[in-house]
Structures are given as structure tokens and as C-alpha cells.
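Written out below as C-alpha cells is the structure these notes cover.
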Amino acid sequence: MTLTQLNAFVLVARLGSVTAAANALGVSESAVSQALSALRVHLGDQLVTRGPGGMTLTQGGSRLLASASQIVVLGAEAHAAVRAAQGAPEQLRVVATSAIAEFVVSPLMEAFTRRYAGSVEVSVGVAVTKEMGVLVANRLADVAIGTSETSDPGLALVTEPIFRYRLVVVTAGEAALRGGPRTWRWLVDPSGTDPGTDTGQLLATLGIPENRIGVFPNHTAAWAAAADGAGVAPAVEHLVAHQLRRGELSLVEVPGLPMDACWHVTLLERQYRSAAASAMRRFLSTPEAMQLMRSPAAGVPPSRFRPPVYVTIWS
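At position 306 of the sequence shown (counting the first as 1) the number is 363 in the working numbering, and the numbers step up by one without a gap.
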């Protein structure tokens, strides 16, 4: 029985599938399945079984989950203690939804690391909404920035609002749309497939058929396609302000929009979080961070801007 096997089991149990656990860890499904199979053999119990409603814990799996979670946490704390003894910089692992990672995370991390040069080692990953609380609770991430509050009260996490914005829908500047929202072509980034994001919830509320949704690698590509007349795209209003002013994009009237929304940060409860995570939480409340979230392109000179770094969170 290894820490990796217990880690895989905890994530399968918390996220509900091998696929979700593999996505969260940044490894193949076969790697997670092999780790889970080895643990099953070692303990002589199936631990989790697949049913019509998804994965279900066996009685043994239910009893193991709490202990396994504690062991995973202790393993992470041991790793951090050894790094500290070696004089290594403290790690700060940040996960964010794809839209936030695309525009906001890099300028924020650039500004944060300037304040703590040499003392904090920052890495960034992308996660879907339901993964975020699980990653933080199991010490696979220190800070999660997303659009929703963590829904599992058993994870001992704190989720706080950090920035308010408005969700709008845009299309080409001179476009004349016909029909209703369900007949339009909707252009989204990967967060549009995440039911926990504002975009995912908007599409579900409007009842947009799957065959009317086109998924692009990022928001920038989706908005460019909308500007070319390929359809409509959900957008964070202040992030498309320049395109709206130039007439490249125009606002689309959609029931319920513009919609007030909020970015949230999720961390461990104060007594459990690392010094680096606490420092990041304080930084997110500063005027500098607020300005970067409001106008991220203005926060870092183009020559110094770095796109989000997508890292494997497997350990």
C-alpha cells in the first residue's frame, strides 16, 4: 500500500470516477486504475464499485476514506517539512478555471512572486469546478480560484469572494441575429463544458442543445470567432471592453443578462494553510491585485507576460 495508491483512491471517491481523478492528477486513466487495483488487492476489498449513478463506496471503502485522506495530508506535510529543512522555497500550487487561468493568473503570479522573490516557488494548473475543493483539501493544491463556492462542507475549506464582474454575451459588431438563443451557434472555451462555471450554468439555463455549442481552446479564440460572425460567445464584460469600444464585438440581449457574478478563492481553514497560501490570500485583497483582475493586460508589460503554466499535479 503506497501513498500514490491512497491518493488515487481518495480522488476517485471524492470526484466520483476514474476519469475525473485522472484529469485532476494529470495522469492517464490506466495509471489511476492500476493504483486502485493494487490497493484493492492489498486490502482484499473492492473499495469502490461502479453503479448506475456512478461510483459507490463499499463498507470497507467508506471506512478507509477518512483514514486515507489523513494519510495523504500527512504525506504532503512530510514533503513540505523536508523541503523546508533543505532550505528550498515554499511551494505555492494554484489551480484555476480555464478562463481565469487564461487572463488573470499569470499577471497575479508575476506580481506576487516579485513580492516574495526566492522564498516562494509558484506553479499553476487548470481544474474544473468540482475538482478544486478536493485538490485543496488533499494538499494537491494550496489555492483555487474559480467562479463557484465549494459545496462540500466536510472538506474543512474556506471559500471567499475576491472580485465581482458581469457575464455578458457578445457577437460580431454588425451582426443581426435571427431566432432565439437555442438556435444560435454558441462559441465557448473549455469552461463552457464545466457545469459548475457561470458559462456552463448559463448554457444549461437557456437550454442550449449540445449540437449548437462549439468549444474553442480558450476565450480569445472563441471571441475572435464571434467577431468574425461565427456565432455568439459568453464573456466577462471587463475583459472584452476594448473589443466592444472598437466595435469588433457587440453585446447581445439575452434573458437574465448581464449577470452579476463573482470570482472566489478557496483555501484550507486558516489554522491548516501554509504561510505561502496565507500570503497569497492577503495579496488577493490588495489594490494591486484588484487592478490586475480588472485590467490584466495592463498589469504586466508584454515583454514580461508569460501564459499560464499547465503542470501535472501527480505526486
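Think of the CB as a built atom: it goes at the ideal place given N, C-alpha and C, for glycine as much as any other residue.
Exercise for the section: Have a look at the DSSP bridge pairing and note the partners of G111. Expected result: What you label residue 111 is simply residue 54 of the sequence shown in a count that begins at 1. Partner(s): G108.
Practice task
Please state whether DSSP places A213 in a helix, a strand or coil.
Solution key: On the sequence shown, position 156 is the one that residue 213 refers to. Three-state DSSP puts A213 in coil, outside helix and strand.
Problem - Cβ pair count under 8 Å reaching 3, the region 265-274 against the region 238-249 - result: yes
Handout entry: Collapsed DSSP secondary structure at A232 in the structure displayed
Key = Looking up residue 232 in the sequence shown gives position 175. It is coil, neither helix nor strand.
Practice task
Compare the C-alpha of A243 against each of G313, V215, R223, F273 and name the closest.
Solution key: Locating residue 243 in the sequence shown gives position 186, where the first residue counts as 1. As written in the sequence, residue 243 is Trp, which differs from the Ala given in the question. The alpha carbon of W243 has as its nearest neighbour, out of G313, V215, R223, F273, the alpha carbon of F273.
Practice task
For S180, name the three-state secondary structure that DSSP assigns.
Solution key: Taking the sequence shown and counting its residues from 1, one reaches residue 180 at position 123. In the structure shown, S180 sits in a strand (DSSP, three-state: E or B).
Handout entry: Reference D255; option with closest CA among A290, V215, N80, G286
Key = Taking the first residue of the sequence shown as position 1, residue 255 is located at position 198. If we check each option's Cα against that of D255, A290 comes out closest.
Handout entry: Close Cβ partners of A261 (< 8 Å) along its chain, the five nearest in sequence each way excluded
Key = In the sequence shown, counting from the first residue as 1, residue 261 sits at position 204. The residues are P252.
Practice task
Could you check how far apart the C-beta atoms of A453 and E206 are, in whole angstroms? I think they sit under 8 Å.
Solution key: Because the chain spans 58 through 372 in this model, residue 453 falls outside it and cannot be assessed.
Exercise for the section: Give a yes or no on whether the C-beta atoms belonging to M166 and V183 are separated by under 8 Å. Expected result: As a working note, residue 166 is residue 109 in the sequence shown. As a working note, residue 183 is residue 126 in the sequence shown. No, they are not a contact pair.
Handout entry: Candidates A279, E294, V293: closest to A287 by CA position
Key = Walking along the sequence shown from the start, residue 287 turns up at place 230. With distances taken between Cα atoms, A287 lies closest to A279.
Exercise for the section: State the beta-bridge partners of S148 as determined by DSSP. Expected result: Mapped onto the sequence shown, residue 148 falls at position 91. For the record, residue 148 in the displayed sequence is Gln; it is not Ser. E178.
Practice task
State the start and end residues of the unbroken beta strand (DSSP E) segment that holds V293.
Solution key: On the sequence shown, residue 293 is found 236 positions in, with the first residue counted as 1. Residues 290-293.
Handout entry: Minimum Cβ-Cβ distance from S331 to chain D less than 8 Å
Key = This model lacks chain D altogether; it includes just one protein chain.
Handout entry: Cβ neighbours of R150 in the same chain (closer than 6 Å, five flanking residues each side left out)
Key = Residue mapping note: residue 150 aligns to position 93 of the sequence shown, counting from 1. Same-chain partners within the cutoff: S180, A198, D199.
Practice task
With DSSP as the reference, please indicate the residues paired to S307 in a beta bridge.
Solution key: Here the question's residue 307 lines up with position 250 in the sequence shown. Beta-bridge analysis with DSSP links S307 to T228.
Problem - Nearest residue (CA-CA) to A95, options Y173, R120, M58 - result: The residue given as residue 95 occupies position 38 in the sequence shown. Residue M58 is the option with its Cα nearest to A95.
Problem - Cβ-based burial, E159 [other Cβ within 10 Å; buried from 16] - result: In the sequence shown, the residue the question calls residue 159 occupies position 102. Within 10 angstroms of the beta-carbon of E159 lie 16 or more other beta-carbons, which makes it buried.
Handout entry: Strand pairing of L325, partner residues [DSSP]
Key = Here residue 325 refers to the residue found at position 268 of the sequence shown. L214.
Problem - the region 89-109 in contact with the region 58-72 per 3-pair CB rule at 8 Å - result: yes
Exercise for the section: Classify L259 as helix, strand or coil using the three-state DSSP reduction. Expected result: Residue 259 sits at position 202 when you count from the first residue of the sequence shown. It is helical.
Practice task
Tell me whether G203 sits in a helix, a strand or coil according to DSSP, three-state version.
Solution key: By one-based count along the sequence shown, residue 203 stands at place 146. DSSP places G203 in strand when its eight states are reduced to three.
Handout entry: Burial state of V162, where buried means 16 or more other Cβ atoms lie within 10 Å
Key = Against the sequence shown, residue 162 aligns to sequence position 105. The residue in question, V162, is buried, as its Cβ has 16 or more Cβ neighbours within 10 Å.
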